[in-house]
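Residues in the sequence shown are numbered from 1229 upward in steps of one, following our numbering. Backbone N, C-alpha and C fix where the C-beta goes; we use that ideal spot for every residue, glycine too. Take a look at the structure below.
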Amino acid sequence: MSYLNINDEKTLPTVVELNTLLADYHIYYQNLRNFHWNILGENFFDLHQKFEELYNDAQVKIDEIAERILTLRYHPMSKLSDYLASSSIKEVSSKQTDKEMVNAILDNHATILKQMSKVIDKANKIGDEGTIDLIGAYIRELEKNSWMLNAFTKKTASQLNEV
C-alpha cells in the first residue's frame, strides 16, 4: 500500500489514461500556440488573446496531470514522439480561417473531454478521489470554454433551446 491507500498496481489503468490525457494536452497546447501566432483578420485581437489564455491554462494542466501521475507513483510520459504517437489529437495547419481555427479547438476539446471521461471511469473503479476531483474541475472549465467558443461560431440571430 502507498500513502494513497490504493495498491500501486490498481492505479496503473488510471495512469495509462492520464498519460494519454497528458499527450492530448501537449498537442492541444501546440495547436493553440500555432493559432495564436498565425491568426489573421478582423477577429485577430479577440482570438489572439483567447488562444493565449487557453494555452496558458493548458500549460498549467499539463504540469498538474504529470504531477498527478507522479503522485500515483509512476513516471509521466515526457517525450514529444510519445505524445504524437499516443494522442488522439493531431497537429493542425496554421493556414485556416478564424472560424476553422475555433472549430479545430472545439474538436480538440471534444477529444479531451472524452479522454477525461476515461480517466474518471478508471479512477472511480479504485476510489481515486484525488484524480476524480482534479479531472472533474477540468471538465467543468473545458465545457465552459467550449460553450464560449461555440457561441463565437454562431450567427448573431442564432438562438438557444427553449425550456
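The alpha-carbon of L1362 is positioned some 22 Å away from that of L1260.
Looking at E1369, A1251, A1338, the one whose alpha-carbon comes closest to that of S1306 is A1251. Closest in C-alpha terms to F1380, from the list T1359, V1391, A1338, K1278, comes K1278. A Cβ-Cβ separation of about 7 Å places Q1258 in contact with E1319 under the 8 Å criterion.
Going by beta carbons, N1247 and I1297 fall inside the 9 Å limit. By the Cβ-count criterion, L1388 is exposed, with fewer than 16 other Cβ atoms from all chains shown falling within 10 Å of its own Cβ.
When only Cα atoms are considered, Y1256 and A1385 end up about 31 Å apart.
Distance from the CA of N1262 to the CA of A1332, rounded to the nearest whole angstrom, comes to 12 Å. Taking C-beta atoms as the reference points, E1245 and Q1343 count as a pair closer than 9 Å.
Residue burial annotation: Y1366 is buried, with at least 16 other C-beta atoms found within 10 angstroms of its C-beta. A distance of 9 Å or more separates the beta carbons of T1242 and A1338. For M1305, the secondary structure class from DSSP, reduced to helix, strand or coil, is coil. With contacts defined by Cβ atoms closer than 9 Å, L1275 and L1334 do not form a contacting pair. Here the alpha carbon of R1301 sits roughly 10 Å from the alpha carbon of E1237.
A distance of 9 Å or more separates the beta carbons of A1286 and Y1311.
DSSP places L1298 in the helix class (H, G or I) of the three-state scheme.
Taken through DSSP and simplified to helix, strand or coil, D1356 comes out as coil.
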